[in-house]
Amino acid sequence: MQTPPLFNFGKDHGDIQFTDSSDHKIDLPFNISYFGTSYKSLHISADGVLSFERQINYMENVKWWEGVRKSNIDLPFIAPYYHSGFPMHALESTEYQGEIFYKIFTPSNLSINDNYYSEKKSLANYLSSYLPDRVVNPPYHFEASLIIIVTWHNVAAKQLDSGKECTKNQPCPGATFQAVIAADSESTFVIFNYKEMNITFHETFVAGFNGGEGRGWYDVIPCHGKCGHSMNLSRTNELPNFKGSDYKGRFILNVGNDLIVRGGCLPDEIKAGMLEVYPLEVGMFGGEMLQVSGRCRPSSSKFYCKFGDDQLITEGIMVNEVKGNCPVPMMTKIGPVHVSWSFDRNNWSSDNIITVVLPEKVDLSTNINKDIKEQWYSRDAKHITIPWDRTKFSSSSETKVHVKLLGYRETDSTVEYKELQHFGEVHNSDGRYELTVADHQCKSDCRDFEIGLFEISLPVELHVDAVERVAIRYGPFPLGWYVNYQLEEELGSDWSDTLCLEWRDRDSNHKEWLEDLLPCPCNLDQALADFGSFQPDPGCNLYTGSKCYYHTEAKHCVRSIVTTKDGAGNQCCYGNDGNLIYSQLSYQGSTPDRSHVWGAVPYGKPNLVPSLSHWKHDVVSYYYCCLWNANQLCYEYMELRPTTDCKKYEPPGIAFLRGDPHITTFDGQTYTFIGSGDYKMVELEKVVTILGRFSSRPNAKEIGIHSWKPKVLTSIYIQNENEKGGGERIEIHPAPERTNRPHGLDIRVGNTRKFFFNESTLWQDFEGYSIVNNALPGHTNRHDNFTVLLNNNIGVNVLGVNGLLHLMVALPSQLKSPKGLGLLGNFDDHTGNDYISYQGGAISPNADKAKLHEEFAKSWAVQKEHSLFPFPKDPEVFEEGSRYFEFKDLPDSPDGLSNSALSGVCGNNEHCMYDYKISGSREIAMSTLAANTLFSYVKSSIFKVENCGLPEVGKLAELNHYNFSVGHEIKITGCKENRNFIGGETMLKCVRERLDEAEKEDRNDYGDIKQDLKDNVKYITHWVPRPSEVCSAEESSDASLGLYIGIAVGAAVLLIIIIIIVVIVVKKRKTGKARTGKEKPTPASRVKREEVKDPEAAEAMLGEVNQRSPVYKPSKDAVRMSEVQGQAV
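Set out below in structure tokens:
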């Protein structure tokens, strides 16, 4: 019998009928995927549930939509209608009104002798084509290799308030609904069909999907709260009337991956709801063809997509009645962007959020080699090659694409993209376009645009046929080759010099932004450890082996994370000796950015546009002054981009939790925590709240005669609360152990699970913070090491290890306070007052462990009714139980672990031994040992460096090293870049001396004076002797050189030499050599991640690092991130 939306069911169609209410287990012929995990069996329940681990029966007090974390309840299941199914005992004698049928078959194994062969084969072929067509991002070549259909026909609910029997003669309100599972080895689809839903409503009768193991609940109509609480609960009886696809009462979902994707469309009765979109990550330059599923409309209908609040609207077209495509426009912001759609440009009822990423993070699958890049970034290129991946546009060899040049500019109040030239139209199958620059020169207004992009795009009428993209855009790059002819006519052959000087004059009037920059750390140790304020620069990253083209003297650069109020940011680069490289002393030094390369909130405005504003203010001028004239005017650039003196740098406070669990506070006290439940780790009013949940690990061994399971950190909750905007809460906890795509941690932002698996998603920006996956290119992405960067320079690093969490928190120095902050202690650089209770009482560091726990640790407990974790409070989490070893330095080993086995793993590390004995796990003990090693390195790196700062000896002085800390001597041996050396070799020493002693020597009028709080004596830190300028701003004269030579060889020879010198200088300017005597760097974006060095080159580089000064000698594992522990910095 077939009555749409139902598929055929019943004995007449080969179904098996239930005869009782017992567990009906089905062994599947192969594993099927659900919520990203594979399962081999299925249990069918009379309560409207298909469960995977074991049978799930109705529980009246469980509210699945709130999220359930109790391990014995939170199991994976599919629920077309979760309700209190009527008990089916002795069906024939009671003549129960309902029936339950099911069928399971694999089309490839059907026998031609099967009575229902034709019907089943036809259904399999139908589902194989029907289901992928209903969803965005459909699986490639899906084939319904396994089909399961379960039908609940006219079933009743057990009456919760009466004992009424539901027989055929005395029927109760009934329901007829169906669940269809169609799967292959990689993908799983589910169809819910609803014919009648007349069962009396109860609050806990719901329809949807439970992921199990903390993955949460997903409603049959995914509204994410936008269609009201009542839609998800009280209106389940109306499901037969809602059109969720081509039939009323039918709902289609792709449930096999980590995130469920709704197929079909939202019912028109739902006035607001969630769009399904793909891809979820797009580039700022747009061009992607966004697949969208929202409302059902006829195929070929037009609709509109709106991106954010900027009125960026593109026109899309329905490819069938349930989904359509619309192009992603060019944008001027990154981070989360709301996408909504409309059929009339007025009613924008449904939306979702996509993440916009920096252009260089987008994989365009095109190999743009060094020679091609040099053309694009050159001033005087003769020919330009523009390649593209033709498979992104169309599979047809006849499709044509447009090739264009776009420009970008900013005024005082606006930002603008503009088409500058249409180069031509060619077949997409060509995959490249060659142009002769002389044929495409700028004709007028050539100084309006300094930055360009190449665009390859489909004509609008062919958008409907696009495979992945309607446009590919490359850039940004300087438009030197495009304006060269016109500017040579207008300004002469050295026009880039003129533009450099014009830039200098303009930029000299805007130096105030430099005062607000975060000072650079003095050495690489500090820069790596201060992960809350600085992150690696992709263009010069020691960990990835990227080549530092624009900072050739550097081994590693970092960028400040938080921008100034004007959108500026700092860049700090470090040499082989681990010391800061100053731009006042080197053209490859640390140069701050007037516009941060990552942009600044609110984006979309002058100076704040990611990448492009940085190019306008900081990169194009570098080409004018440095790269296009052999550094002849590079001193002008460095004069306006001076390195901030590191003597003003204040290191952060860092606290650490690891193992089972051991805590080191911000000021350095260490204790072992043994509590259970939710605790405040850090609480700073109107700044941030960090909570930790301590509970048993999954599958943890029971310890001792009381069968107590050790409690470890199993979940972190972060809420940013500062005045710049808090954003949604973040929750981090261990991921389920069995997943198809192994990952150590689950990340939730608000109510949404987030994943960070590919290059474009490793760093994701949200309102008020960013989340970074610390996986390295070329290494396995275990999804187990994350850093949360808040917009107040607070960093939180979370590492998942063996079912527990390690935690590291970095607080900036401006948050120092003697007030207690939580389990991680206070932060005021004094170890004697670290243990401040929630009530404000101080507990001595010498207090016994029992007192420390009862009066300090327990005071920071959060009662379950006040917990901020976004799921019900499991009472078991908050019961501490008995701990026979709770206040011992080292517990007794329950398994009789020998001392030799213990020392063989842990040596003499007490934390490692403690965890080995408690957990019985060698892996946990080893991870604790590795964590201690890492933290010892990090903690030793975070120290205040007494520093004399940059010596005032003139620009580009040649020094033997850049270590300006107290006790170090420097030797000035000359000057770089043709500067005049007007003094002999000079020795300077950085000293810290008593002010009264300095007065006696008449050297108390320069340097930094501070009073030491320990001895109440004033000290001065300065260079001795007093520095004086030894490098003149006047350049050495080529004419003088010629004169000296002429004296020796005669006037005729002098004339020849002068001519040769002039020719060489002119040729240098023409050829654009970047650095005297060095190969011109590949002219790519200063922030673009360069290719990773091969393993041997990377190893060699690390070897060089290890040979650096004693200030910085980390182990290889510390630098490259230990495979056991990972790396926070």
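Residue numbers (UniProt numbering): 1 to 1129. Even glycine gets a Cβ: it sits at the ideal position worked out from N, Cα and C.
Of the listed residues the options, nearest to residue i (C-alpha basis)
i	options	result
residue 204	76, 751, 151 and 61	61
residue 807	992, 659 and 353	659
residue 368	868, 387, 1004 and 378	387
residue 784	747, 827, 113 and 751	747
residue 337	352, 274 and 348	352
residue 803	788, 908, 831 and 927	927
residue 70	844, 152 and 216	216
residue 945	667, 843, 995 and 526	526
residue 293	341, 990 and 737	341
residue 963	979, 371 and 991	991
residue 265	257, 282, 609 and 298	298
residue 739	147, 186 and 764	186
residue 655	764, 287, 610 and 669	669
residue 176	213, 121 and 240	240
residue 862	112, 267, 108 and 679	679
residue 366	514, 169, 456 and 651	456
residue 214	35, 113, 281 and 244	35
residue 713	125, 697 and 468	697
Three-state secondary structure (DSSP) of residue i
i	result
residue 928	helix
residue 861	strand
residue 674	coil
residue 500	helix
residue 744	coil
residue 831	helix
residue 1047	The predicted model places residue 1047 with a pLDDT of 27, which falls under 50 and marks its position as unreliable; any figure quoted below should be read in that light. If DSSP states are grouped into helix, strand and coil, residue 1047 belongs with the helices.
residue 19	coil
residue 913	helix
residue 1134	As displayed, the chain neither begins before 1 nor continues past 1129, which places residue 1134 out of reach and without an answer.
residue 283	strand
residue 906	helix
residue 1023	strand
residue 466	coil
residue 600	coil
residue 113	coil
Nonlocal neighbours in the same chain, by C-beta distance under 8 Å from residue i, ignoring five residues either side
i	result
residue 443	486
residue 906	912, 913, 916, 925 and 929
residue 508	640
residue 116	13 and 14
Residues of its chain near residue i, where Cβ-Cβ distance is below 6 Å and the 5 sequence neighbours each way are ignored
i	result
residue 150	44, 102 and 179
residue 634	587, 625 and 626
Strand pairing of residue i, partner residues [DSSP]
i	result
residue 189	182 and 254
residue 684	688
residue 790	769
residue 177	152 and 194
residue 454	405 and 474
residue 352	339
residue 717	691 and 731
residue 49	45
Short Cβ contact (8 Å threshold) for residue i with residue j
i	j	result
residue 868	residue 717	yes
residue 812	residue 794	yes
residue 592	residue 568	yes
residue 777	residue 623	no
residue 76	residue 53	yes
residue 797	residue 531	yes
residue 790	residue 809	no
residue 408	residue 123	no
Nonlocal neighbours in the same chain, by C-beta distance under 7 Å from residue i, ignoring five residues either side
i	result
residue 590	520, 571, 572, 573, 580, 581, 582, 583 and 643
residue 1070	Since pLDDT at residue 1070 reaches only 36, below the 50 mark, its modelled position is unreliable, and the value read off the structure follows with that caveat. Closer than 7 Å at Cβ, skipping near neighbours: 380.
residue 540	546, 548, 551, 554, 556, 557 and 573
residue 470	287, 289, 327, 457, 458 and 463
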